[in-house]
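Residue numbers (the numbering used here), protein chains in the order written: chain A, 2 to 179; chain B, 89 to 213. For glycine and all other residues, C-beta sits at the position ideal for the given N, C-alpha and C. Shown next, in structure tokens, is the structure this report addresses.
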Amino acid sequence: MKAEYINPFIAAIVDVFAKMLGCSLKRGDPYLKDRAQPTYEISGIIGLSGKAIGTVVLSLEREVALQATSTLLNVRYKTIDADVIDSIGELTNMIAGSAKAQLEQFEMNMSLPNVISGKNHVIQFPSDATSICIPFDSPWGAVCLEVSLVEKHAAKGFPAKTGTPAASPLSNPQEVLA
Amino acid sequence: MPSNTRVLVADDSSTMRKIIIRSLNAVGIADANITEAADGQEAIQLFEQTAFDLVLTDWNMPHRTGLEVIEAIRAKNSTVPIVMITTEAEKRRVLDAIRAGVSDYLIKPFEPENLREKLDKLCPA
Numbered sequence: 002m003k004a005e006y007i008n009p010f011i012a013a014i015v016d017v018f019a020k021m022l023g024c025s026l027k028r029g030d031p032y033l034k035d036r037a038q039p040t041y042e043i044s045g046i047i048g049l050s051g052k053a054i055g056t057v058v059l060s061l062e063r064e065v066a067l068q069a070t071s072t073l074l075n076v077r078y079k080t081i082d083a084d085v086i087d088s089i090g091e092l093t094n095m096i097a098g099s100a101k102a103q104l105e106q107f108e109m110n111m112s113l114p115n116v117i118s119g120k121n122h123v124i125q126f127p128s129d130a131t132s133i134c135i136p137f138d139s140p141w142g143a144v145c146l147e148v149s150l151v152e153k154h155a156a157k158g159f160p161a162k163t164g165t166p167a168a169s170p171l172s173n174p175q176e177v178l179a
Numbered sequence: 089m090p091s092n093t094r095v096l097v098a099d100d101s102s103t104m105r106k107i108i109i110r111s112l113n114a115v116g117i118a119d120a121n122i123t124e125a126a127d128g129q130e131a132i133q134l135f136e137q138t139a140f141d142l143v144l145t146d147w148n149m150p151h152r153t154g155l156e157v158i159e160a161i162r163a164k165n166s167t168v169p170i171v172m173i174t175t176e177a178e179k180r181r182v183l184d185a186i187r188a189g190v191s192d193y194l195i196k197p198f199e200p201e202n203l204r205e206k207l208d209k210l211c212p213a
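See below:
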């Protein structure tokens, strides 16, 4: 995955959190996610397909999801319910859509969002797709954006079922960010 | 915007519908004049059954897309204002919506005042 593909997603999540939640995010150091690792308690997932294929995962600590939903709907949420699930799906949708617009050359379509809730859930990416995880701190807790994007001509056999992840062209994830 | 404006809000996200309805309430539209559709098919059916003065629709929805909603409405009504509220921001998408007959286009994420400005422009008091 090329480094320049990541920056639109970083800009998108910062913009969505600022505009929809009035929440500023502090970015941490991105890293390659080359094995199944537990994500936070709630994850919104969207697939992208076109001249590139990819997956976007917005993973949030429970308190972030609750506070985000409370802010969106002006109601205090204390438990994960259908409104929280829907809100996280919509935030994921906005982030993926906003980034997709910056990657117009790939003419991608988005899937409808799916949301997974549960402690220690693991999201497995196709084995030949390098996933980059960009962590953020928010006033409400931790947020992580995981992105995998492969140009279609480079995505032979995508999605693969098994195997060792291919060596990433992004040897140093720090180069993602200027 | 006249308070008796009848509005159809089509979005598969209940959160987005609530946010949009809050903006409609803020410009004086009562809940009684707002009808919600949770997918494109429901939006088309509701438009066939009920008279609306304004339609606000998402693009990516189950069953029928917002683009299909616009096309279906325009086949019956060439004048009702339709605003597409969507994450689809690419030029090719906007052009598709314009060709289908959309009146205005609002890209998510948006500030509440962005929507209110469009509502005031399309349905002046």
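Practice item. Report the rounded CA-to-CA distance for V143/B versus V171/B, giving the unit in angstroms. Key: 6 angstroms
For a contact defined as C-beta to C-beta under 9 angstroms, what are the partners of V17/A on chain B? K196 and P197
Taking 8 angstroms as the threshold, find out whether the stretch 52-60 of chain A comes into contact with the stretch 143-152 of chain A through three or more Cβ pairs.
yes
query: What are the boundary residues of the alpha helix (DSSP H) that D16/A is part of?
result: N8 to L22
(request) Can you tell me which of I89/A, F18/A and D30/A puts its alpha carbon nearest to the alpha carbon of I7/A? (result) D30/A
Q.
Under 8 angstroms, with one C-beta from each stretch per pair, do the stretch 94-114 of chain B and the stretch 77-96 of chain A reach the 3-pair mark?
A. yes
**Study point:** Selected residue, minimal CA-CA separation from M21/A, among I158/B, N202/B, K206/B and K209/B
**Key:** N202/B
### Query
DSSP state of M109/A, grouped into three classes?
coil
query: Just checking my contact of A96/A with T40/A at CB under 8 angstroms: how many whole Å lie between their CB atoms?
result: A small correction: the amino acid at residue 96/A is Ile; Ala does not occupy that position in the sequence shown. In fact, because the Cβ distance is near 15 angstroms, the residues do not count as touching under 8 angstroms.
Length of the line joining the Cα atoms of N121/A and E42/A: 7 angstroms
*asked:* Any beta carbon from chain B within less than 7 angstroms of D87/A's own beta carbon?
replied: yes
Original post:
Residue range of the beta strand (DSSP E) that S50/A falls in?
Top reply: I43 to S50
* Asked: Can you list, in chain order, the residues of its chain whose CB lies under 6 angstroms from that of R63/A, leaving out five sequence neighbours each side?
  -> E42
Q) In whole angstroms, what separates the C-alpha of K79/A from that of W141/A? A) 13 angstroms
Residues that N94/A contacts on chain B, provided the C-beta gap is smaller than 8 angstroms | S101, N148, T175 and K196
Per the DSSP calculation, D215/B is bridged to which residue(s)?
Outside the modelled stretch of chain B, which goes from 89 to 213, sits residue 215/B, for which no answer is possible.
**Asked** To the nearest angstrom, how far is it from the Cα of Q129/B to the Cα of K206/B?
**Response** 25 angstroms
**OP:** Measuring alpha carbon to alpha carbon, tell me which of Q103/A, D87/A and A83/A ends up nearest K179/B.
**Re:** Q103/A
>> Quick check on L112/B: buried or exposed, where buried means 16 or more other Cβ atoms within 10 Å of its Cβ?
In response: buried
Requested in this report: Could you tell me which residues DSSP pairs with E147/A in its beta bridges?
Outcome: V58/A and C134/A
- Partner residues on chain C for D82/A, Cβ-Cβ distance less than 9 angstroms: The displayed structure is made up of protein chains A and B, and chain C is not among them.
- Message: Starting from D207/B, trace the alpha helix (DSSP H) in both directions and tell me its first and last residue.
- Response: It is Leu, not Asp, that sits at residue 207/B in the sequence shown. Where L207/B is concerned, the enclosing alpha helix (DSSP H) stretches over P200 to L210.
- In chain A, what lies closer than 7 angstroms to K106/B by C-beta? L74
*Buried or exposed: T123/B, going by 16 or more other Cβ atoms within 10 Å of its Cβ?*
buried
Cβ of I117/B within 7 angstroms of Cβ of V95/B? yes
Helix, strand or coil: which one does DSSP assign to A139/B? coil
Discussion item. Can you tell me whether P200/B is buried or exposed? The criterion is at least 16 other CB atoms within 10 Å of its CB, across all chains shown.
Written reply: exposed
- Task: Starting from the beta carbon of S25/A, find every residue of chain B whose beta carbon is closer than 9 angstroms, and list them in chain order.
- Result: Per Cβ cutoff of 9 angstroms: no residues; S25/A is ~14 angstroms from chain B at best.
Review point. Name the residues in the stretch 95-106 of chain A whose C-beta lies less than 8 angstroms from a C-beta of chain B; which are they?
Key: M95, A97, G98, S99, K101, A102 and E105
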